[in-house]
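Numbering (the working numbering), first residue to last: 36 to 99.
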């Protein structure tokens, strides 16, 4: 699975960074960065939770 971010919708609420900090990171300018665009299977439960928890629905998952 691959994580996708709609940067036009993302408001840098940082919910995802708290739920999966190995995958998501906010820089000093509040820009979201994907540290692991294709997280390993053992992280996917937390990544799915982060995607569902995004208040702006800016995150999605797509099959490789």
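Every residue gets a Cβ at the ideal spot worked out from N, C-alpha and C, and that includes glycine.
Buried versus exposed call for residue 74 [16 or more other C-beta atoms within 10 Å across all chains shown]: Residue 74 comes out buried.
Contact set for residue 48: own chain, Cβ-Cβ below 8 Å, skip 5 residues either direction: Same-chain partners within the cutoff: 89, 90 and 91.
Among 45, 86 and 98, nearest to residue 55 - alpha-carbon criterion: The option with the nearest alpha carbon to residue 55 is 86.
Alpha carbon of residue 52 to alpha carbon of residue 99, nearest angstrom: Their backbone Cα atoms lie some 23 Å apart in a straight line.
Straight-line Cα distance separating residue 93 from residue 44: Those two C-alpha atoms are separated by around 5 Å.
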